[in-house]
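K.L.:
Submitted below is the structure of interest, expressed as structure tokens.
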Amino acid sequence: GHQVHVRTLDAEVTVCRRLGFATERVDPRIESLQSDDWTTGSALRVVGKTVEVLARRAAIEVADIGAAMRSVKPDMVLVDANCWGAISTLEVQRIQKTPWLIFSPFIPYLTGPGSPPFGPGARPRGGWVGRVRDIGIGTVTSTVFDRPFRDAVNPVRAALRLAPVRSADELLRRAPGVLVTTGK
């Protein structure tokens, strides 16, 4: 009895409609911002280019999700973990009582006891060797990912009158919940 409304990339609209979802394309400006990260030859540059594209999309997502919510008046919203502007907008909506969750189709940018730092896909490792490794990875991740992330996202958040965040981890923790699937 539920009606699902989807906002997605143009190439996915037909697929979603075939599945029975009321579907519209996201603002074409969001989709037009693509990374050329395959040209870098460096994992660190790939991260930098990815953050740059997602951050540029964030500013456009604010108006896009706002228009979608006004149009649909949803009972609940599920938003992709890489839609940082939409997440920030939903944080404002939370104050207005619209329930929402983040969906992460990948291991999310979250840290926690027993988990290796986000980034290179390291396996958990205990003891002092694991702690030293995790501090090193965390330092690189913070420099390569979180610094440009916060420089780009915090102006979007300021425009929404939201507190700044120091990391993607902190942004995701603002959500009431995070649904994670790794495809297995």
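Residue numbers (our numbering): 3 to 186. Where is the CB? At the ideal position from N, CA and C, for every residue including glycine. These numbers come from a predicted model, not from an experiment.
#1: Which whole-angstrom value describes the C-beta separation of V167 and V64, a residue pair presumed to lie in contact below a C-beta threshold of 8 angstroms?
#2: Measuring CB atoms only, is the segment 86-103 touching the segment 119-137, in the sense that at least three cross pairs come out at less than 8 angstroms?
#3: Beta carbon of L173: closer than 7 angstroms to some heavy atom of the ligand ATP?
#4: In or out: R20 buried (at least 16 other Cβ within 10 Å) or exposed?
#5: For P178, which residues in the same chain have their Cβ closer than 8 angstroms to its Cβ, ignoring the five residues on either side in sequence?
#6: Between V155 and W86, is the Cβ-Cβ spacing less than 8 angstroms?
#7: According to DSSP, what are the bridge partners of S106?
#8: Do the CB positions of I139 and P107 come within less than 8 angstroms of each other?
P.N.:
On the basis of the data shown:
#1: That pair is no contact at about 15 angstroms.
#2: no
#3: By its list of ligands, the structure shown contains no ligand whatsoever, and the ligand ATP lies outside what it can speak to.
#4: It is exposed - the Cβ of R20 has fewer than 16 other Cβ atoms within 10 Å.
#5: Same-chain partners within the cutoff: R96, P101, W102 and L103.
#6: Yes. Within cutoff.
#7: V182
#8: Contact: no.
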